[in-house]
Each structure stands twice: as C-alpha cells, then as structure tokens.
Amino acid sequence: GSERALYAAAALLIGLTFHTATIRLKPSLQRISPRSRLSSLWRPCGPERMMVRRAAFPVRSCRVSDDDDMPVTKDPRARALDAVLKEVNSRFGTGAVMRLGDTQQHAPAVIPTGSLTLDLALGGGWPQGRIVEIYGPESSGKTTVALHAMAQIQKRGGVAALIDAEHAFDADYARRLGVDVTNLILCQPDSGEMALEVVDSLVRSGAVDLIAVDSVAALAPRAEIEGEIGTVTVGAQARLMSHALRKLTPVASKSNCSILFLNQIRYKIGVLYGNPEITSGGNALKFYASVRVEIRIKGKIEGSDGKQKGNHVKTKVVKNKCAPPYKTAEFDIIFGQGINSVGCVLDVGEALGVFERRGSYYYLEGERVAQGRDNAIEILKTNSTILAQAEESIQAAMNPQLPVE
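Here is the structure:
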C-alpha cells in the first residue's frame with residue numbers, strides 16, 4: 076500500500092512539473108522561431124526528459140505535391156495546365172486530352188471508290204472513320220458506287236457490311252462488280268431502329284471497315300410500321316437519325332470505320348423560287364457527314380446497235396471536310412458491269428497530261444494509242460502493258476515526290 080501511494084505521489088509531482096513548464100514556455104514561444112521553439116521544448120523539465128505533445132505547438136507540415144513528375148516550369152499558368160491535363164487523363168483515361176504536338180499526326184486514310192475521276196475529286200477516295208452521304212435521283216448509280224467501295228475494301232483485306240433497308244439486294248450484280256458476296260455481311264432489318272442498332276454494334280466491334288446503309292429513306296421508325304397506313308408521325312425519322320448519328324460519329328472515328336448513307340431526293344411543296352429538292356431523314360445527316368456527294372445522270376451511252384448500254388454520270392462533291400470541296404467528276408456506268416474504270420483512267424490521264432489528244436487521236440508519251448475515245452478504251456482493256464504504264468504515270472502525276480534537300 077505504501078508503494079502504491081509513493082507511485083501516485085510521484086506521478087502527481089511529474090504532472091504538476093510538466094504543467095508548470097508548459098505555462099512558463101507559452102509567452103516565450105510567441106517571440107521565437109518555430110525551429111528555436113522546437114529545440115526549447117526538448118530541454119529537460121524536472122527530473123526527466125519529456126516530450127511535449129504535438130498539440131502544444133502547431134508546426135506547419137511540408138506536403139509533397141502529387142505532380143512531382145511534371146516538368147518544373149516557372150510559369151504558374153503552365154503548371155496549372157499540366158495539373159489539369161493529368162487530372163483529366165486520370166479521370167477519363169489516357170489520351171482523353173492531350174497536346175496535339177505530343178502525338179504523331181497522319182493524313183486520314185482513304186478507300187478507293189473504283190472510279191479514278193471520283194478519287195481525284197474527293198482527294199483520294201472515301202475517308203475512313205467518317206460518315207459519308209451519297210444522294211441523287213432514282214437509278215442514278217448510288218448503289219453501284221457503294222458496291223464498288225465495298226469491293227475495293229475487300230480487295231485490301233477489309234470487311235464490308237450492307238444494311239439493305241430497301242430489301243432489294245442483287246447478289247449476282249454485286250458479284251459482277253467484284254464484291255465477295257460469300258464474306259459480305261448482309262442485314263435486311265425490319266425497322267429503322269433495328270438497322271441503326273445493327274450499325275452501332277458492328278462499328279463498336281472494331282472488326283468492320285465499311286458499312287453501307289441503303290437507304291436512309293427506307294429506315295421506317297417502329298411506330299410508323301406498327302401503326303396504320305396513313306398515320307401521321309411528324310419528325311419521327313428525323314429524330315431517329317439525329318439520335319443515331321450522335322452515337323455513331325465518335326465511335327466510327329475511334330474504330331476507323333466508314334459509314335456510307337445512301338439517300339433519296341424528295342420535293343418540297345409550294346416552293347416557287349429556289350431548289351425544291353431535299354433529302355429525307357432530316358437535317359442531321361447534312362451536318363454529321365464529312366463528305367456529301369450528289370450523283371446524277373448526264374447522258375446515255377449507246378452501243379453500235381443503237382441500244383442504250385449504260386449511263387454517263389456526273390457527280391458533285393457538295394461537302395468535303397478532308398479535301399477542297401465543290402469538285403465534279405464524270406464517269407460511265409455500264410449496265411451489268413458497273414463503273415467503267417478504264418474510261419476513268421483515260422479521262423484522268425488526259426486531264427493530267429499523261430494522254431495527249433491531237434484531234435481525235437490519243438497519244439501516250441509520244442506514241443499513238445488509238446483514234447477516238449471508244450477505240451482508245453478498247454485498246455487499254457486488251458493491252459495490259461499500256462494500261463499499267465498509264466496508271467503508273469497517273470499515280471506519279473497525282474502524288475509528286477518532293478525534292479530531297
């Protein structure tokens with residue numbers, strides 16, 4: 076019992092000594108620096124050396140910044156910008172926001188159209204990862220142009236898909252145009268919602284390079300299909316297209332998939348001045364499309380027997396975000412054969428100076444090829460050497476090499 080009392084008295088004495096030392100030090104702590112304050116508090120108080128509690132003296136802590144790996148800059152605005160960029164990338168993933176100079180920039184890849192004249196007007200072909208609209212009157216060659224684009228992407232090892240909303244796909248005609256119908260992905264949807272959902276799924280997969288939708292006018296909303304004939308559904312198709320394009324545009328760019336929308340022409344009622352023609356599906360496609368091409372029949376092509384064997388088509392690039400717009404291209408579409416590619420080679424070669432025309436004769440590098448356009452096309456079809464020589468010269472003229480310094 077006496078030992079316990081002795082220990083209690085010692086503890087009380089130590090506590091009173093500690094309290095008295097703390098009270099005596101408080102006035103002096105206000106007039107000395109934090110370093111001197113810390114050293115003075117570590118001096119012995121009483122019979123033992125005591126550690127003063129941390130709460131007795133507030134000391135500022137040196138917090139290590141999270142952006143130590145950032146380059147040290149003197150400009151506070153630059154440091155703030157670096158911190159914001161790092162925070163955004165940590166929240167939304169690497170590459171969400173970046174400086175454009177930190178990444179290597181490439182020109183957008185293109186898909187050949189099958190017509191050299193149209194390639195020249197578009198700046199190389201259909202841009203990959205973009206939305207394209209092809210519109211025109213009936214039987215003007217919209218589906219033919221889309222099938223040639225699918226054939227070209229398949230020749231390069233890509234995958235093509237066709238959303239046949241019109242339910243009028245001709246596999247034999249597509250095969251004659253060079254489409255591999257065995258590996259072609261075909262969907263004939265029941266409604267516009269189904270068609271656009273299939274397009275969204277194919278684009279998000281990242282395994283498809285080109286999707287053609289034939290056509291926008293045939294994308295009937297489900298409410299219109301389930302209702303009675305004659306029921307007015309104002310703006311239903313326009314809302315459907317607007318909603319779908321908001322989802323498809325960023326995904327198509329990331330997956331590098333081109334989407335070709337074929338569209339029809341309608342006429343506005345009561346228009347006395349100006350162009351009464353308008354495309355179906357609302358105005359959203361006009362804004363989201365990177366390339367818009369108008370295609371029309373310019374003339375007929377007749378054979379030696381006087382019967383029509385094809386159409387001479389004129390296309391106009393009314394919108395182009397990847398090359399200078401408002402260029403025109405003309406080519407021949409032969410019934411059952413598609414675009415006359417050899418005729419395009421002759422026309423482009425003449426425009427670029429590869430072929431020289433003297434009267435009705437065509438010359439290639441000073442040598443006479445044939446008399447008349449039809450005969451020159453037949454010579455190029457039968458003589459692969461002359462055709463290869465002309466194509467090589469055209470490619471060199473279209474893509475000139477820069478001089479090496």
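Numbered according to my numbering, the sequence shown spans residues 76 to 480.
We put the beta carbon where it would ideally sit given N, CA and C, even for glycine.
**Asked** Using a Cβ-Cβ cut-off of 8 Å (strictly less than) and excluding sequence neighbours within five positions of Q203, which residues of its own chain qualify?
**Response** P183, A184, V185, I186, D284, N331, C332 and S333
Name the one or two DSSP bridge partners that I409 has. G385 and G413
Item to complete: Tell whether a beta-carbon distance below 8 Å holds between R371 and K394.
Response: no
Practice item. Within 10 angstroms of the Cβ of S416, are there 16 or more other Cβ atoms? Answer buried if so, exposed if not. Key: Per the 10 Å Cβ criterion, buried.
Taking Cβ positions, are Q339 and A292 nearer each other than 8 Å?
Yes, the pair counts as a contact, with Cβ atoms nearer than the cut-off.
Notebook entry, point to check: I think V388 touches E377, with their Cβ atoms under 8 Å apart; what is that distance to the nearest whole Å?
Noted result: With a Cβ gap of about 15 Å, V388 and E377 do not count as contacting.
message = Is it the case that the region 313-329 contacts the region 345-360, given that we only count it when at least three CB pairs across the two stretches are under 8 Å?
response = With the cut-off at 8 Å, the region 345-360 and the region 313-329 touch.
Using the Cβ count rule (16 or more neighbours within 10 Å means buried), how would you classify D422? buried
Practice prompt. Tell me whether the beta-carbon of D255 lies closer than 8 Å to the beta-carbon of Q229.
Written response: Result yes, Cβ atoms of D255 and Q229 sit closer than 8 Å.
Could you please give the first and the last residue of the uninterrupted beta strand (DSSP E) stretch that includes S333? S333 to N338
*Which same chain residues, not among the five before or five after Q446, have their C-beta less than 6 Å away from its C-beta?*
So the qualifying residues of the chain are S435 and Y436.
**Item:** For L439, the three-state DSSP class (helix, strand or coil)
**Value:** In the structure shown, the three-state DSSP call for L439 is strand.
*Just to confirm, are I206 and S365 a CB contact at a threshold of 8 Å?*
yes
- [ ] Please specify which runs of the alpha helix (DSSP H), each continuous and at least 4 residues long, are wholly inside the region 354-380, giving them in chain order.
- [x] 359-363
Alpha carbons only, please: which of V220, D265 and A171 is nearest the one belonging to A240?
Looking from the CA of A240, the closest CA among V220, D265 and A171 belongs to D265.
D380: buried (16+ other C-beta within 10 angstroms of its C-beta) or exposed? exposed
Discussion item. Please tell me whether I209 and L335 are closer than 8 Å, where the distance is taken between their beta carbons.
Written reply: yes
Got a sec? Which residues, its chain only, sit under 7 Å from E466 by beta carbon, not counting five neighbours each side? V420
For G189 and A221, believed in contact at Cβ under 8 Å, the rounded distance: The beta-carbon separation of A221 and G189, rounded to 10 Å, does not stay under the 8 Å limit for a contact.
Discussion item. For a test of the three-state rule: what should DSSP assign to D284, helix, strand or coil?
Written reply: Coil, per DSSP.
query: Does the beta-carbon of Q179 have 16 or more other beta-carbons within 10 angstroms, so that it is buried, or is it exposed?
result: exposed
*Look at the Cβ atom of V274, then the Cβ atom of L323, and state whether they are nearer than 8 Å.*
yes
- Task: Would you identify the three-state DSSP class for L175, choosing helix, strand or coil?
- Result: helix
Limits of the unbroken beta strand (DSSP E) element including F430
F430 to R433
Reference A243, options Q263, N258, G349 and L427, closest by Cα
Answer by Cα proximity: Q263.
Subject >> Residues near A84 in its chain [Cβ-Cβ closer than 8 Å; skip 5 each side] >> reply: none
**Asked** When burial is assigned at 16 or more other CB atoms within 10 Å of the CB, is A471 buried or exposed?
**Response** exposed
Exercise. Return the CA-CA distance between I353 and A246, expressed in angstroms with no decimal places.
Key: 30 Å
If the criterion is Cβ atoms closer than 8 Å, does the pair L294 and G253 meet it? no
query: Looking at the structure shown, is V256 part of a helix, part of a strand, or coil, going by DSSP?
result: coil
Q.
Please return the same chain residues whose Cβ sits closer than 8 Å to the Cβ of Y342, not counting the five positions on each side in sequence.
A. P351, E352 and I353
- Apart from the five residues just before and just after K456, which ones in its own chain have a Cβ nearer than 8 Å to its Cβ? For K456, the CB contacts under 8 Å within the same chain, skipping 5 residues up- and downstream, are V417 and L462 in chain order.
- Query: So G216 and I408 are in contact, right, with Cβ under 8 Å, and what is the actual spacing, rounded?
  - Reply: 5 Å
Legend entry - Extent of the continuous beta strand (DSSP E) run through D239: A235 to D239
| query | Between L259 and A235, is the Cβ-Cβ spacing less than 8 Å? | reply | yes
For A80 and I89, what's the separation of their Cα atoms in angstroms? 14 Å
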